[in-house]
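Okay, so the sequence shown: first residue is 45 according to my numbering, each after it adds one. For each residue, glycine too, the CB sits at the ideal point set by N, CA and C. These figures come from a predicted structure and were not determined experimentally. As structure tokens, the structure follows; a few thoughts come after it.
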Amino acid sequence: MAEELGRVQRPPASQYDGKRKLLLVPLIYGPQADDAEGTAVLQNYWEQMKTQVEALQEALGGLHHIYHESLTVGGTEGLAQLGTADLRSHSFISGKTESGSVLEATEDMDVLLETLDLQRCMMIPLASASVGSKLQEWHSESNRQRYDHIAANIDSTLGENETGLLLISERHQVQFPSDIEVFYVSPPALDEYRRWFNNWMEQQQAAAAKESSGESETDNGAADTAKNSDSTEPESE
């Protein structure tokens, strides 16, 4: 079970001598929208998260390996991929690798692409319940393979008395090896972000419902106008 660290209390280093340690960092993204409040909340999370990671890194004797969801290659190539996909992660990890940490390949390319394709397929409305059920089963199995691969990569690269860091979405299903001590990094700003995101989603849904209602009223009005027009007989000359 992961040890949650909302307020970092430095663990005594001797407690974890010889053990494998993993810092589990929730990877969160802001919606693709011009929202000043959301941007500020997200930035606050990253700043607090980095502070907590620094404190843990120092207490546990350094940071040796870094893992990041969606990365199928490590090293400089993996860092270049992050530079085009996630600037916050890129900036954060660049500093760590400059200090000696190794960025590891985290995912299997084929399994990752399969999972992403299935997620897209599941967003399409389907007429057949049977097809939907089979698609869900396929997606679940693909997800299991994906997370199993992440766990295996961590297991094969994280050595005794080493500390790793994994950045991954909160809804992940990775089952870590039992001999790895997992520290869940949870700064106060994470709850702040969750509250903001839930409010933002409610606002978007309300706006969409209002727009849909307005379109429906417009369509009904147009239909009534057309009906009245059709029922009006032309005047005879």
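Boundaries (first-last residue) of the alpha helix (DSSP H) holding L131: L131 to E142
Assigned secondary structure, R64 (DSSP; H/G/I helix, E/B strand, else coil): strand
Entirely enclosed beta strand (DSSP E) segments - the segment 58 to 118, minimum 3 residues: 64 to 70 and 109 to 112
C-alpha gap between T207 and S200, whole angstroms: 13 Å
Whether Y89 touches L234 by CB criterion (8 Å): yes
Contacting residues, own chain, Cβ-Cβ under 8 Å from R188 (five flanking each side not counted): Q217
Every unbroken beta strand (DSSP E) within the segment 167 to 235, with a cutoff of 3 residues, ordered by chain: 207 to 212 and 224 to 229
Sheet register partners of L147 (DSSP bridge): I110
DSSP-derived helix/strand/coil call for D152: coil
Stretch-stretch touch, CB-based, cutoff 8 Å, three pairs: the segment 144 to 162 with the segment 111 to 126: At 8 Å Cβ cutoff, the stretches touch.
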